[in-house]
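Student: Using my numbering, the first residue of the sequence shown is number 3, and each one after it goes up by one.
Every residue gets a Cβ at the ideal spot worked out from N, C-alpha and C, and that includes glycine.
Only a predicted model underlies this, so the values are computations on that prediction, with no experimental measurement involved.
Let me give you the structure first, and then I'll get to my questions.
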Amino acid sequence: MRVTNAPASRKRRNRMLQAAKGFRLKRSKLYRYASDAVDHGRQYAYRDRRVKKRTFRYLWQARINAAARTAGITYSRFIEGLKEAKCALDRKVIADIAAQDNAAFLELVNIAKNALKSKPAATLAKA
Numbered sequence: 003m004r005v006t007n008a009p010a011s012r013k014r015r016n017r018m019l020q021a022a023k024g025f026r027l028k029r030s031k032l033y034r035y036a037s038d039a040v041d042h043g044r045q046y047a048y049r050d051r052r053v054k055k056r057t058f059r060y061l062w063q064a065r066i067n068a069a070a071r072t073a074g075i076t077y078s079r080f081i082e083g084l085k086e087a088k089c090a091l092d093r094k095v096i097a098d099i100a101a102q103d104n105a106a107f108l109e110l111v112n113i114a115k116n117a118l119k120s121k122p123a124a125t126l127a128k129a
């Protein structure tokens, strides 16, 4: 007689069905469909943990750009000015400052503008 190790198999299948709780129709009831659904769900979760980082960066850039334009400077010039001034704030913090504290954000804009004014003009060397 073939040995199937039924307790381990049952435990494995129950674990898969437990992971499929909340899914609709046979995807939560039948092992074969639940297994596929859970596998796809885990793939989406893995991918979207990485996509989330991109999405938030886009959001921060949009918020900074909106606040910077109301202060009379574009996003790219603002970031360039902050880099020139050696400001160590990242986009997440700058976006939070832009949303919460307008006066502090205007100070950052002034720092960026002053750094851009003092920046030497780029000379184009022709070969």
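Given this structure, state the Cα-to-Cα distance separating S78 from A47, to the nearest angstrom.
Tutor: 32 Å
Student: How far does the alpha helix (DSSP H) with R26 in it reach, from first residue to last?
Tutor: R26 -> no alpha helix (DSSP H), and no H or E assigned at all.
Student: Expressed to the nearest angstrom, what Euclidean distance is found between the alpha-carbon atoms of L110 and R59?
Tutor: 19 Å
Student: Could you check the C-alpha separation between V40 and N116 for me, to the nearest Å?
Tutor: 54 Å
Student: When DSSP labels each residue in this structure, what does T125 get in the three-state scheme?
Tutor: Low local confidence applies: a pLDDT of 49 at T125 is under 50, so the model's placement there is unreliable, and no value is given.
Student: May I have the straight-line CA-CA distance separating I2 from I81, to the nearest angstrom?
Tutor: With the chain covering 3 to 129 only, the question about residue 2 has no answer from this structure.
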